[in-house]
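A.B. asks: Note that our numbering has the sequence shown beginning at 20, numbered continuously upward. The following block contains the structure, expressed as structure tokens.
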Amino acid sequence: MANTRVESWTELSPEPSWWAQWKLRDWAWFAGLSIAAGIILGLYGSSFGYWQFVVLGAWYSALLVAGLAWRPVQLASIGIVLPALLAVWLYSIGQTTTNDILLRDVLQGYAAVMWMSALLLAATACYLFYLFTGREWVGQWATALTWAGVIMGFIGLGVRWRETYLGHPDWGHIPVSNLWEVLVLFCASTPLFYLYYEKRNEARALGAFVMPLVAAGVGFLLWLTFAQHMDQIEPLIPALQSFWMKLHVPMMFVGYANFTIASLIGVGYLLTERSRRRGSGLLLRVMPSSEVMDDVMYKAIALGFLFFTVATILGAVWAAKAWGGFWSWDPKETWALIVWLNYAGYLHARVVKGWRGSAMAWWSFMSLWVVSFCFLGVNMFLSGLHSYGKL
Numbered sequence: 020m021a022n023t024r025v026e027s028w029t030e031l032s033p034e035p036s037w038w039a040q041w042k043l044r045d046w047a048w049f050a051g052l053s054i055a056a057g058i059i060l061g062l063y064g065s066s067f068g069y070w071q072f073v074v075l076g077a078w079y080s081a082l083l084v085a086g087l088a089w090r091p092v093q094l095a096s097i098g099i100v101l102p103a104l105l106a107v108w109l110y111s112i113g114q115t116t117t118n119d120i121l122l123r124d125v126l127q128g129y130a131a132v133m134w135m136s137a138l139l140l141a142a143t144a145c146y147l148f149y150l151f152t153g154r155e156w157v158g159q160w161a162t163a164l165t166w167a168g169v170i171m172g173f174i175g176l177g178v179r180w181r182e183t184y185l186g187h188p189d190w191g192h193i194p195v196s197n198l199w200e201v202l203v204l205f206c207a208s209t210p211l212f213y214l215y216y217e218k219r220n221e222a223r224a225l226g227a228f229v230m231p232l233v234a235a236g237v238g239f240l241l242w243l244t245f246a247q248h249m250d251q252i253e254p255l256i257p258a259l260q261s262f263w264m265k266l267h268v269p270m271m272f273v274g275y276a277n278f279t280i281a282s283l284i285g286v287g288y289l290l291t292e293r294s295r296r297r298g299s300g301l302l303l304r305v306m307p308s309s310e311v312m313d314d315v316m317y318k319a320i321a322l323g324f325l326f327f328t329v330a331t332i333l334g335a336v337w338a339a340k341a342w343g344g345f346w347s348w349d350p351k352e353t354w355a356l357i358v359w360l361n362y363a364g365y366l367h368a369r370v371v372k373g374w375r376g377s378a379m380a381w382w383s384f385m386s387l388w389v390v391s392f393c394f395l396g397v398n399m400f401l402s403g404l405h406s407y408g409k410l
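Take a look at the structure:
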């Protein structure tokens, strides 16, 4: 009888409010973001236009929600911002890469990207070793190395943003202006989103499928660095001297990152199902259930599609200002439309028709080739208004 009363009281008791669920570090996160936004407004608010306020508000809201929904973002943000600010301060007091070891070997944009590359390659090796052995300590190292690589990648991008102003004040720009810079963004953002899906679904083995492609991206990045010397900072061409680049490109790469993750999870799904049909195989010991992989594919594509759609709209607005028209059937625009239609079809089949399983895993995997050509193939093999992205 007593148990019945307790259960009834529990059922009737209200859920704690959203604010009541905040922990001390959540309040510190809220306060820190608010102070940072206030400092930015105090220093630069007088020169802001309407869209700068919109962007600042969007970043503030996004970071606040992300930090509360996934608390590792709080520590990662601190781990990115503080070293980047230290590097900016060292530059401001006259330090250079020739007289400051910390700048030269760790914090400058180029050095941080090299650290990112080494850490992500090591993380990939650990994820593959974990897949074949199932040893938990190896998996923990894989996750830790991936976090370290992500943090160093974003430190490199943040410091490089400051470095673009050092050669000449008129050269300053967000570091997404050429193939080298956007590849750094891809190699940093894809593992970040993967880490979210890994933690949320307790699915560490998926890293053995996602991270090898990130490692391939790192290899291409290193080739661009040492063979093509594309890491050099250069002035922007007129078409890129636009506020819209700060919005369009990062949002596009949120889409690319999530589409890539979904595609490679599709590979994991298909191989696991093959092992299940045979009734044996190491994948059955470490891989998550088919239902989990199917759900992660869907959620990654849904998130990527949302950001890709907004980025495409912003790109059209940018094109109207730069070239006088919202759409010109440029090869990059055409392939972006193909990507959008492909994933719109996927979501329609998943949500409206209720498709699940291997068919959707194949669709997700084959979509990788469409996304890859839009991201790299157009830049390498086709010409057009976006030819500034060519090798």
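Here a beta-carbon is modelled for each residue, glycine too, at the ideal position from N, C-alpha and C. Predicted model, so just to flag it, every value in this text is computed and none were measured.
Between which residues of its own chain and residue 289 is the CB-CB distance below 8 Å, once the five residues before and five after are set aside?
C.D. replies: Within the same chain, residue 289 has close Cβ partners 377, 380, 381, 384.
A.B. asks: Helix, strand or coil: which one does DSSP assign to residue 248?
C.D. replies: In the structure shown, residue 248 sits in coil (DSSP, three-state: anything other than H, G, I, E or B).
A.B. asks: Taking 9 Å as the cut-off, decide whether the C-beta atoms of residue 222 and residue 216 are in contact.
C.D. replies: Against a cut-off of 9 Å, the Cβ pair of residue 216 and residue 222 comes out as a contact.
A.B. asks: Hey, quick one: how far does the alpha helix (DSSP H) through residue 212 stretch, first residue to last?
C.D. replies: Residue 212 -> alpha helix (DSSP H) spans 198 to 220.
A.B. asks: Would you report the Cα separation of residue 199 and residue 255, rounded to the nearest angstrom?
C.D. replies: Approximately 14 Å between the Cα atoms of the pair.
A.B. asks: If we ignore side chains and look at the alpha-carbon of each, how far apart do residue 140 and residue 331 end up?
C.D. replies: Near 32 Å, if we compare the C-alpha coordinates of residue 331 and residue 140.
A.B. asks: Shortest alpha-carbon distance to residue 146 belongs to which of 192, 231, 129, 112?
C.D. replies: Minimum Cα distance to residue 146 is reached at 231.
A.B. asks: Closest to residue 375 by CA distance: which of 344, 345, 353, 314 is it?
C.D. replies: Nearest C-alpha to residue 375: 314.
A.B. asks: Would you identify the three-state DSSP class for residue 253, choosing helix, strand or coil?
C.D. replies: Correct three-state label for residue 253: coil.
A.B. asks: Assign residue 274 to one of two classes, buried (16 or more other C-beta atoms within 10 Å of its C-beta) or exposed (fewer than that).
C.D. replies: Answer is buried; the Cβ neighbour count reaches 16.
A.B. asks: Flag this pair as yes or no: are the beta carbons of residue 178 and residue 126 separated by less than 9 Å?
C.D. replies: Contact: yes.
A.B. asks: Residue 311 to residue 220, Cα distance in whole Å?
C.D. replies: So the two alpha carbons sit approximately 7 Å from each other.
A.B. asks: If we require 4 or more residues per run, which alpha helix (DSSP H) segments fall completely within the region 41 to 85?
C.D. replies: For the region 41 to 85, whole alpha helix (DSSP H) runs of length 4 or above, ordered along the chain, are 43 to 63.
A.B. asks: Of all the options 355, 158, 367, 181, which has the alpha carbon lying nearest to the alpha carbon of residue 395?
C.D. replies: That would be 355, whose Cα lies nearest to the Cα of residue 395.
A.B. asks: Please report the straight-line C-alpha distance between residue 214 and residue 168, rounded to a whole angstrom.
C.D. replies: Their Cα atoms are separated by approximately 12 Å.
A.B. asks: Would DSSP call residue 193 helix, strand or coil?
C.D. replies: Residue 193 falls in the coil class under three-state DSSP.
A.B. asks: Identify which residue in 281, 195, 87 has its Cα closest to the Cα of residue 321.
C.D. replies: Among 281, 195, 87, the Cα nearest to that of residue 321 belongs to 281.
A.B. asks: For residue 324 versus residue 368, is the C-beta spacing smaller than 9 Å?
C.D. replies: Result no, Cβ atoms of residue 324 and residue 368 do not sit closer than 9 Å.
A.B. asks: Look at the alpha carbon of residue 242 and the alpha carbon of residue 40, and state the distance between them as a whole number of angstroms.
C.D. replies: Near 48 Å, if we compare the C-alpha coordinates of residue 40 and residue 242.
A.B. asks: Would you kindly report the start and end of the unbroken alpha helix (DSSP H) that includes residue 123?
C.D. replies: Careful: residue 123 lies outside any alpha helix (DSSP H) and carries neither H nor E.
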